[in-house]
Amino acid sequence: MALSGMRGLSVFISDVRNCRNKEQERLRVDKELGNIRTRFKNEKGLTPYEKKKYVWKMLYIYMLGYDVDFGHMEAVSLISAPKYPEKQVGYIVTSCLLNENHDFLRLAINAVRNDIIGRNETFQCLALTLVGNIGGREFAESLAPDVQKLLISSSCRPLVRKKAALCLLRLFRKNSDILNVDGWSDRMAQLLDERDLGVLTSSVSLFVALVSNNHEAYWNCLPKCVKVMERLARNQDIPQEYTYYGIPSPWLQVKTMRALQYFPTVEDPTIRRALFEVLQRILMGTDVVKNVNKNNASHAVLFEALALVMHLDSEKEMMSQCVALLGKFIAVREPNIRYLGLENMTRMLMVTDVHEIIKRHQAQIITSLKDPDISIRRRSLDLLYGMCDVSNAKDIVEELLQYLATADFAMREELALKAAILAEKFAPDLSWYVDVILQLIDKAGDFVSDDIWFRVVQFVTNNEDLQPYAALKAREYLDKPAIHETMVKVSAYLLGEYSHLLARRPGCSPKEIFSIIHEKLPTVSTPTIPILLTTYAKILMHSQPADPELQNQIWAVYSKYESCIDAEIQQRAVEYLALSRKGEALVDILAEMPKFPERESSLIKKAEDTEADTAELSAIKLRTQQQTSNALVLTDQRPANGAPQVSQLGMVMVPSTSNVDQNTVDQRVTQSNGTLSAVDPQLPVQDHAPAGDILGDLLSPLAIEGPPSVSPQSELNGVPSYEGIPGANDALALAHVGDQESTVKPIGDIAERFHALCLKDSGVLYEDPYVQIGIKAEWRGHQGRMVLFLGNKNTAPLDSVQAIILSPSHLKSDLSLVPEVIPPRAQVQCPLEVVNLRPSRDVAVLDFSYKFGTYLVNNKLRIPAVLSKFLQPVQVSAEEFFPQWRSLPGPPLKLQEVVRGVTPMSLGEMANLFNSLRLMVCPGLDPNACNLVASSTFYSENTRGMLCLVRVETDPADRTQLRMTVASGDPTLTFELKEFIKEHLVSIPTGGKPPAPVAQQPQPTNPPIASSDPGALLAGLL
Amino acid sequence: MPVAASAIYFLNLRGDVLINRLYRDDVGGNMVDAFRLHILQTKELGTCPVRQIGGCSFFYMRISNVYIVIVVSSNANVACAFKFVVEAVNLFKSYFGGAFDEDAIRNNFVLIYELLDEIMDFGYPQNLSPEMLKLYITQEGVRSPFSSKPTDRPVPNATLQVTGAVGWRREGLVYKKNEVFLDIVESVNLLMSSKGSVLRCDVTGKILMKCFLTGMPDLKLGLNDKIGLEKESEIKSRPTKSGKTIELDDVTFHQCVNLTRFNSEKTVSFVPPDGEFELMKYRITEGVNLPFRVLPTIKELGRTRMEVNVKVKSVFGAKMFALGVVIKVPVPKQTAKTSVQVTSGRAKYNASMDCLMWKIRKFPGQTESTLSAEVELISTIAEKKSWTRPPIQMEFQVPMFTASGLRVRFLKVWEKSGYNTVEWVRYITKAGSYEIRC
């Protein structure tokens, strides 16, 4: 690196390193940043060496974590430097400081492109690396063909082609349209034949991206991929430097196999056989060795091969071989390998008919549950959960229960949930299920969610045979000295419902049951108390006619809670007390709970949700979507109804004792969500469409030839026919100026007034015998504030006054309310706010109408909120002008046109015109005295300030033609500005020498539409 | 008095124990681990100084690079515990000569153990006054100013002195020349809007004394504060003299001041400790005389230029002058070039503080000085955030001026022997946070 030459930089770095603490460092860095700012702002400019040095410093500061938000211009400009050291820093700093969305990158595109198409390989590499790191959509559009050319060119060195492949990958990810599918499948196939492994590896990376996007088009590449695999794994035909610990380029193998997984199947039997041979070789050849690096590499290949084997649904023999291999893995001491073994075995579960083989390893997996490493414990839990079925459920659940006592707190909840689910799913008999869940609550009460015990209650209620057993078990647990609150809840519920079934047994009389439950009351929290109160009521009910002693005890409890602060408890106490005084009737009211309707277990649903969250690897996901028969069907449903996951989770938490059917609720929620989201996108469309149409209708005839053909006709047809049909007024509104001339004719030429207002900020917009509309405007950046002065010149009031602004899409305008009546000899002021959104020549139109007597007068007046109003003249010096001028290369940013038919005017007049169009003429910039250079800043909401540069070359011999060049940072702006200036040059009614067409002042019978000049036609119309 | 501590731990920043002392056996030995695990290594560190872990309360405080942790298992008096820590740190500082950090602790293990034994007993705080303890707990290398002749020390007096009414002063002091120095030090806090209206303004002041007096003198201080003057005029039944009276808020006194006499007679009378001490602290919120007026105008001209004009007027007496005036005029972070003109002093752009630093060494009263600067900004890539315009900050010291207008009316010294004393009074006003928005 050329750092050694830069003393200032090394001094700065050593200063920063010598700083004792963060604060000192910050002070030093801020000082340096101040220095750099001063240097960059220096008028004299910087030498390339200085620029390079300061940009390096900026990078160093940026890498230290400080915010550097200036100087990007300097960095970008270094890219186009001729020498390597400067170019290098330019590329490095640009790719560090900027990201693909920065506007500054646009400035670099051209320089980068020059380097890519240039001959210098080093520069090509720099450029490709930059694009490969931060290239965005725009880069993709403008550079893709060149990069493709580099990649497939035979004259390039592998070094460049390698980078080109990766660069193309980036561009493809940004914009997948850049690669033409048809052409590329052949080229890709060619690339896969590449001998150079570096290029091949990069190409396969690109290939993976292409195939994941559209595998159909690349069928022809499939044999090539298999061939690559054969070359690597079977023939080992690769140079020495590409073998890694004896494994031929593991990266390439993994990538190729990943690509193969994107093809649904391999149909051609020969290819299939060849592929299986390779896979077999990989499976056979992999083992656990001492060397960590070798293990990592060979296992990466192996696991990808496993994934491929699973994907291809190969024969059982191969599967069992895989499982056997994984069995070896999980028996190893090294935790990483064991983890991988377990994880892959879990993945294998998705494939059918390997369960039996995996079950052979059950003992080993259970041992892993006691591993000191938590991630291994989690994996083995997942695996156990996945491999559990009716045959081994008892063992596995018992193992899980045993493990629960010693498990990590973090894992217990998941463990409890999984154990509960397995017990429910695979219970050999129901009493076993009750045993398991009660044990579970006993051992891990804190981690047992309400769903679990709700489910037990549901089961017991629905199975009469189970009821005495469950009640007995609950009674047994209550004898324990300290039991968990959840256990209190569940046993209280069970005993309340079913204790009468035990009545014959010793210690199970209602009295004893009550006393043993009542013992727990002081120890439980508020939510449990209502359950206990209900239990008492149930006991009382079952023991009718009541034992007076027991009844008194229970009543005492109720009356104690009658004044409880908790509303739920209080209500229950009061109600139960009142009910229990009813004696026999109590039996009917508090009868046993009816059976619950059968439904899907909320637990299982919950588990599925969490499983869906941890869905993995894109390739696998893709596959599950392709094969809908797979286990994870749930993932497919979710995107279809578009429900947010949260709502489903939330619904699951609803206790299952509630009588609402969860499924329907779920669906209802999702449906309502679905429709809502479907409605949303439509709204804006409906809003916009009509508005756009109106404008289109209104403005298109205005701009093209429509009206000229209409108004002469109206002229010929005569006025009366028009006045008779008021409805036609609307349809042919634009012809109205002409129509009403018999009654109301405008004073002065409207077009001329409009043009005058384009050049100044206040004046009269329209005048007729009754009304005068004046305008006064202030412009600031992209916003403007106009005031319309509507003056009634008459002695009678004008009524039905209406003013509507029809603004084109690029203007946002807001006219305050116009009063309906203008009193005699009065003036009304209407403020009008205008915001410019983007450059456009279209003008806003004021639809102004009023009624004078019985005539309705309607005018469409153009509002002088034209393009030039959003310009802010700026004086630029030569130093600023030329770099800017040069940095905007050719179309569409810089446009040139020869304009003919210009109104002849002297250079001074033209300069005045430009100045009044807010384009600041900068004298002395152009060496040719006949030329004019002007500059200005354009403001719109989208672009903010944007510099516009204009150059006009006049021909002293022929003043009617000139050559105009317009440049700015935005293509539309350049175009619109050019057209705008052209309009003004061609048709301006200058004070001294009015051009021919407009010279015909409006005469009542002959409006100035006869002229052939389109601009004047337009002017005459309005 | 409730218990303040069951154990005290001194930890370094990594959580290693430097020194600990268990005062009661109701806390276990693994308390430090709990602290390390639940406080030091979490992001809650520094959010709340009191935490309960298990059955124990942890009060902790960081002093330079040492954590002092007090562990209590019973219902303790938190305020008392923290006051104890603060006082203990002051005590250690006076023993170690100013510094209290990890190294100081490592170098003085024995001394600290001895002090820890002395200042707390079974969890109850004991005497923490450095003057007292230095008489009895001495170490090689630490020289108390009074220990030059250890044989002179009447050891039997220890109990008497500790338990006596005037615990802060020894008897039998003799000085050839009896002198009292009294300093009134005030710092002005101001926040002013750009239009010149005062948004927040107060003065915190303290009266520092240094006494070199023989015997057991009784001092009485008179200030021109409102309560004192009113009381006086009530007693003497004559109207107060013309002149401003000051209303003092939040007055706190040194323990030597006789509070009963202050409550009944509103006079500050006391038997001073020997040497330097802080007699009282007060605050004033009304009628503050601001020493400086600042009139800033900052104009942003477009996106890359700014004009800054700042006028500073001194409004204290023409004969006085301010020293070390520093005015920090903020400028945006992307400042590239500045050109500054000032009528006095020097001004420079300081990139690391993002301000124009204007320094005036000596600023006479009733004068004004202006700074005008043109600032050029560099254009940045970031979406233009409007500059937040932080306030202008000012530092200064004005000797012989009090922003509150507080004056010492008299300082009387009575002693049995009736010697003459020389009294010295100084005033000084400093800037606290003196900020003007712009």
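One line per chain: the protein sequences are A and B, in this order.
Numbering of the first sequence is given in full-length UniProt numbering, commencing with residue 1 and proceeding in unit increments.
Numbering of the second sequence is given in full-length UniProt numbering, commencing with residue 1 and proceeding in unit increments.
C-beta atoms are modelled at their ideal positions from N, C-alpha and C, and glycine is treated no differently.
By the Cβ test, the segment 303 to 314 of chain B is not in contact with the segment 206 to 216 of chain B, since fewer than three Cβ pairs between them sit closer than 8 Å. When CB distances to chain B are screened at a threshold of 9 Å, not a single residue of the segment 439 to 461 of chain A falls below it. Straight across, the Cα-Cα distance linking ALA331(A) with ILE516(A) is about 50 Å. With respect to chain A, the C-beta atom of GLU286(B) has no partner C-beta closer than 8 Å.
If you look at VAL78(B), you'll find it in the alpha helix (DSSP H) that goes 78 to 96. With respect to the C-alpha of THR335(B), the residue from TYR245(A), VAL866(A) and VAL68(A) having the closest C-alpha is VAL68(A). Taking a C-beta cut-off of 7 Å against chain A, the contacting residues of the segment 330 to 341 of chain B are GLN334, THR335, ALA336 and LYS337, listed in chain order.
Looking at the DSSP output, LEU295(B) sits in a beta bridge with LYS311(B). When only Cα atoms are considered, ASP16(B) and LYS290(A) end up about 40 Å apart. With its beta carbon at least 8 Å from every one in chain B, ASP970(A) lies outside the interface. Note that the segment 100 to 112 of chain B does not touch the segment 69 to 77 of chain B; fewer than 3 beta-carbon pairs, one per stretch, sit closer than 8 Å. Rounded to the nearest whole angstrom, the C-alpha separation of LYS443(A) and MET487(A) is 10 Å.
For LEU116(B), the uninterrupted alpha helix (DSSP H) segment begins and ends at 109 to 119. Beta-bridge partners of PHE938(A) (DSSP): LEU871(A) and MET946(A).
Among the residues of chain B, those whose CB is under 7 Å from the CB of LEU27(A) are SER352, following chain order. Around the beta carbon of PRO296(B), 16 or more other beta carbons sit within 10 angstroms, so the residue counts as buried. Only GLU376, ILE378 and SER379 from the segment 360 to 379 of chain B bring a Cβ to less than 8 Å from some Cβ of chain A. The beta carbons of LYS231(B) and THR245(B) sit no closer together than 8 Å.
Here the C-alpha atom of VAL898(A) lies approximately 38 Å from the C-alpha atom of PHE848(A). Against chain B, the CB of LYS41(A) has a partner CB under 8 Å away; the residue lies at that interface.
In the DSSP assignment, PRO468(A) falls within the alpha helix (DSSP H) that extends over 466 to 478.
In the same chain as VAL326(B), and ignoring 5 residues on each side of it, the C-beta atoms closer than 6 Å to its own belong to LYS359 and GLU395, in chain order. Here VAL166(B) is exposed, its C-beta having fewer than 16 other C-beta atoms within 10 Å. For ARG780(A), there are no neighbours in chain B by C-beta distance under 8 Å, as the nearest C-beta there is about 12 Å away. Only those residues of the segment 48 to 62 of chain B whose C-beta falls short of 7 Å from the nearest C-beta of chain A would be listed, and there are none. ILE357(A) and VAL323(A) have their C-alpha atoms roughly 7 Å apart.
Taking the beta carbon of LYS31(A) as reference, the chain B residues within 7 Å of it are ALA351 and SER352, listed in sequence order.
The three-state reading of DSSP puts GLN896(A) in strand, counting E and B together. Our two residues, CYS564(A) and GLN570(A), have alpha carbons roughly 5 Å apart in a direct line. In terms of beta-carbon proximity, GLY901(A) stays away from the interface with chain B, with every pair separated by 8 Å or more. Using a CB distance cut-off of 8 Å, ASP408(A) does not count as an interface residue toward chain B. In this structure, the beta-carbon distance from LEU846(A) to ILE822(A) does not fall below 8 Å. The C-beta separation of LYS520(A) from LEU550(A) comes to about 17 Å, leaving the pair out of contact by the 8 Å criterion.
The beta carbons of MET411(A) and VAL354(A) sit about 26 Å from each other, so the pair does not count as a contact at 8 Å. If you check the CB distance, ALA34(B) and ASN20(B) do not come in under 8 Å.
Only buried fits LYS328(B), as 16 or more other CB atoms lie within 10 angstroms of its CB.
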